[in-house]
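Visitor: In the working numbering, the protein residues as written are 1073 to 1251.
The following block contains the structure, expressed as structure tokens.
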């Protein structure tokens, strides 16, 4: 059976598009889907720093086309993407929370709720009250969630996935590997 490793950070609209299709693709191809939450900011800091300059001084023609392309793909994938005024969100806690959700068997529902909150509703997924709402929505205990995102084991797992992605050639999110 093929393995499909899906490195993702919920602060990327392109990742939301891929996420909306990845489970169906894995099912259709009989691939084992391996979720790999990571911090795309850590990847950018290490191997893609020029992105920050592009973000601060975008090419207007490219930006217009990118937005059109993003909206075309969003329609095709059946998701809503609205650009949050506060983008990029501080994603550390929500991506640590992905491991809490994974350990509780609720990662797909959790990630979907994160993507919908951030990209569909323009809610700040860096804020604990938003994360608490998402936990309640997907059936995660909020006390356990907030305790666990501060635990060293969870921090280490997120760091390890980020470092693995960098070592394997990632430069953004999503990054996928098929073996």
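Glycine is no exception: its CB is placed at the ideal position from the N, C-alpha and C atoms.
Alpha carbon to alpha carbon, what distance is there between residue 1223 and residue 1090?
Guide: One-based indexing of the chain shown puts residue 1090 at position 18. One-based indexing of the chain shown puts residue 1223 at position 151. Residue 1090 and residue 1223: Cα-Cα distance of roughly 29 angstroms.
Visitor: If you count every other CB in all the chains shown that lies within 10 Å of the CB of residue 1137, and 16 or more means buried, which is it?
Guide: Start at 1 with the first residue of the chain shown, and residue 1137 comes out as number 65. By the 10 Å Cβ count, residue 1137 comes out exposed.
Visitor: CA-CA distance, residue 1189 and residue 1229?
Guide: Here residue 1189 refers to the residue found at position 117 of the chain shown. Here residue 1229 refers to the residue found at position 157 of the chain shown. About 24 angstroms.
Visitor: With distance defined between alpha-carbon atoms, name the residue in 1112, 1234, 1251 and 1181 nearest to residue 1092.
Guide: Here residue 1092 is taken as the residue at index 20 of the chain shown, counted from 1. Per the Cα distances, 1181.
Visitor: If you measure between the beta carbons of residue 1115 and residue 1084, is that distance less than 8 angstroms?
Guide: In the chain shown, residue 1115 corresponds to position 43, counting from 1. In the chain shown, residue 1084 corresponds to position 12, counting from 1. No, they are not a contact pair.
Visitor: Considering only the alpha carbon of each residue, which of 1132, 1235 and 1155 lies closest to residue 1193?
Guide: If you number the chain shown from 1, residue 1193 lands on position 121. It is 1155.
Visitor: Determine the direct distance from the alpha carbon of residue 1209 to that of residue 1243, and round the result to whole angstroms.
Guide: Within the chain shown, residue 1243 is the residue found at index 171, counting from 1. Within the chain shown, residue 1209 is the residue found at index 137, counting from 1. Each residue's alpha carbon lies about 32 angstroms from the other.
Visitor: Can you tell which of 1213, 1217 and 1088 has the C-alpha that lies nearest to the C-alpha of residue 1191?
Guide: The residue labelled residue 1191 in the question sits at position 119 within the chain shown. Closest option to residue 1191, Cα to Cα, is 1088.
Visitor: Going by beta carbon distance, what residues of the same chain come within less than 6 angstroms of residue 1249, once the five residues before and after it are set aside?
Guide: Your numbering for residue 1249 matches position 177 in the chain shown. Correct list, in chain order: 1077.
Visitor: Going along the chain, which residues of its own chain have a beta-carbon closer than 6 angstroms to the beta-carbon of residue 1185, five neighbours each way excluded?
Guide: Position 113 of the chain shown holds residue 1185. So the qualifying residues of the chain are 1206, 1209 and 1210.
Visitor: On the DSSP letters alone, give me the boundaries of the alpha helix (DSSP H) that residue 1178 sits inside.
Guide: As a first step, residue 1178 must be located in the chain shown, where it is residue number 106. Note, residue 1178: premise wrong, no alpha helix (DSSP H); not H, not E.
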